[in-house]
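If you use this note's numbering, the sequence shown closes out at 549, no skipped numbers anywhere. Data block below; observations after.
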Amino acid sequence: MTFAPPLLICNARILLPDGTFCLGDVHIQNGKIARISESAAADSEAIRVDPDGRVIDASGLTLLPGVIDPQVHFREPGLEYKEDLFTASCACARGGVTSFLEMPNTKPLTTTQAALDDKLQRAAEKCLVNYGFFIGATADNLSELLTAGPTPGIKIFMGSMHGALLVDQEAVLEQIFAHGDRLIAVHAEDQARIRQRREQFAGITDPAIHSQIQDNQAALLATQLALKLSKRYRRRLHILHLSTAEEAELLRQDKPAWVTAEVTPQHLVLNSEAYKTIGTLAQMNPPLRTPHDNEVLWQALRDGVLDFIATDHAPHTLQEKAQGYPNTPSGMPGVETSLAVMLTQAMQGRCTVAQVSRWMSTAVARAYGIPNKGVIAPGYDADLVLVDLNTYSPVRREDLYTKCGWSPFEGWNLTGWAVVTVVGGQVVYDHGKLNTNVRGRPLTFEPTPSPSISEEPR
Ligand code: DOR
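So this is what it looks like as structure tokens:
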């Protein structure tokens, strides 16, 4: 770990844990928030005169907890031609993302303790931000799922995945839900329905058909099954990138206390119209839906039916994306733009800045039991992002750090870009410049609040 000298962020508009703002200074020592003093305080002298210390004048800027992105695909090991842990973490730093939880569909798959250890080792060497890695479920690695760690949880691809990570048989899923108590995160799409519709629509090369093949019903069927198993075993369940109005309505009616769900920025602000303008760059799993789905997802998020936001950052090269549907891989990058996309929505009145921060930091830390992160308060880790909510600038391909080199939001004029990103008290991004000497730390996970066992299964 690199040594973090004292840091003072002064004159910032600081988001406090209760969702209000104050104007003041944040004093950081040993990588943690030592003190918050309202309005420019004279007693910051002690740190100001420290020869190793640094002072950031944050006048006009807003200080938020660093974003914790709980679903990313960073491609290392094995697929580094698309992205690697260094380039991805550079993109995180620029995007104000100070921690990430990464998915197991790398090469080899992260389905064993050895593969998890390898990723942790690689991340320690090259990640500029904090990191955690899911363990992936296969049909036959139950013993690893019970013991591997540290991990935020078990990832199950119920659909949309080939090879060993596809777990689409109810009996196998039931075994996983029935054993152990750690969090299960599901990619909920029904593989049998996808298979059948792929045959039905074979030969169509318009990428818009992707949203018809992997339709709302495919997502709903899998979410219903995951919910059924979660209730049967009272098993902590998280539904990844929930994308349809039907699933949101299902959870609105029937969401046990031990179930959480997330939505991506792209499922909120893009829909199947995007195929017309960006073609296969809009292709992802679960697919983009309709404007109606966008609206229902926004309402569900504002109402707390959906708990937080993840990007599902899934980079593929432009060459791969140019192959023509259906040979194109699904997925789009996101960590570099997610905070600005969401804060722009806030500034346009869709939600508040405090809500964005709750969905992108506080609620994620709480749901995954990540201690000392997600709010700006004394004693918490100094993972912070200073954003500029006064100016707008466009997403430009030439500014991107992600190795894939493109964004579905190119040309979008956004506000709320990170100006300074701080990881563990160290400035990792500052007015367009990265400090590539900074290294993040492995995240730890406390058991999340267990389901209330007095509550009857519904
Ligand atoms: O579109 C997607 N691409 N969705 C996923 O869940 C996986 C991802 C990938 O790894 O490319």
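No residue lacks a Cβ here, since even glycine has one placed at the ideal position from N, Cα and C. None of these values were measured; they are calculated from a predicted model.
**Residue environment, residue 116, which counts as buried when at least 16 other CB atoms sit within 10 Å** = buried
**Prompt:** The alpha helix (DSSP H) spanning residue 177 covers which residue range?
**Reply:** 176–186
**Asked** What separation, rounded to the nearest whole angstrom, lies between the Cα atoms of residue 213 and residue 176?
**Response** 8 Å
**Request:** Return yes when at least one heavy atom of ligand 1 lies under 7 Å from the C-beta of residue 251, else no.
**Result:** yes
**Message:** Please state whether the Cβ-Cβ distance between residue 426 and residue 179 is less than 8 Å.
**Reply:** yes
**Message:** Taking 6 Å as the limit between beta carbons, can you name the residues of its chain near residue 387, skipping five residues before and five after?
**Reply:** 336, 339
**Asked** Across which residues does DSSP place residue 153 in a beta bridge pair?
**Response** 104, 478
**Asked** Which word fits residue 522, buried or exposed, when buried means at least 16 other C-beta atoms lie within 10 angstroms of its C-beta?
**Response** exposed
**Prompt:** Going by DSSP, which residues form a beta bridge with residue 116?
**Reply:** 128
**Message:** Just to confirm my understanding: we take residue 303, look at its own chain, exclude 5 residues before and 5 after, and list those with CB closer than 8 Å. What are they?
**Reply:** 288, 292
**Prompt:** Would you say the beta carbon of residue 358 comes nearer than 7 Å to a heavy atom of ligand 1?
**Reply:** no
**Request:** State buried or exposed for residue 435, treating a residue as buried only when at least 16 other CB atoms are found within 10 Å of its CB.
**Result:** buried
**Message:** So if DSSP puts residue 352 in a beta bridge, which residue, or which two residues, is it bridged to?
**Reply:** 330
**Three-state secondary structure (DSSP) of residue 532** = coil
**Prompt:** By how many angstroms is the C-alpha of residue 110 removed from the C-alpha of residue 410?
**Reply:** 44 Å
**Nearest-angstrom Cα separation, counted from residue 106 out to residue 137** = In this predicted model, residue 137 has a pLDDT of only 48, less than 50, meaning its place in the structure is not dependable enough to derive any value.
**Request:** Pick out the complete beta strand (DSSP E) segments inside the stretch 451–497, 3 residues or longer, and give them in chain order.
**Result:** 475–485
**Prompt:** Is it true that the CB of residue 247 sits closer than 8 Å to the CB of residue 228?
**Reply:** yes
**Asked** Alpha carbon to alpha carbon, what distance is there between residue 327 and residue 516?
**Response** 33 Å
**Message:** Excluding the 5 residues flanking residue 149 on each side, which residues of the same chain have their C-beta closer than 6 Å to its C-beta?
**Reply:** 100, 102, 103, 477
**Prompt:** Which residue's Cα is closest to the Cα of residue 360: 396, 402, 347, 537?
**Reply:** 402
**Request:** Assign residue 507 to buried or exposed, taking buried as 16 or more other Cβ atoms, counted over all protein chains shown, within 10 Å of its Cβ.
**Result:** buried
**Request:** Return the bridge partner residues of residue 190 from the DSSP annotation.
**Result:** 159, 221
**Asked** If you run the structure through DSSP and keep just helix, strand and coil, what is residue 379?
**Response** coil
**Message:** Using CA atoms only, rank isn't needed, just tell me which of 382, 224, 120, 170 is closest to residue 535.
**Reply:** 224
**Prompt:** Of the choices 469, 147, 381, 311, whose alpha-carbon is the least far from that of residue 123?
**Reply:** 469
**Item:** Ordered list of alpha helix (DSSP H) runs contained in the stretch 381–452, each at least 4 residues
**Value:** 382–393, 409–412, 429–438, 444–448
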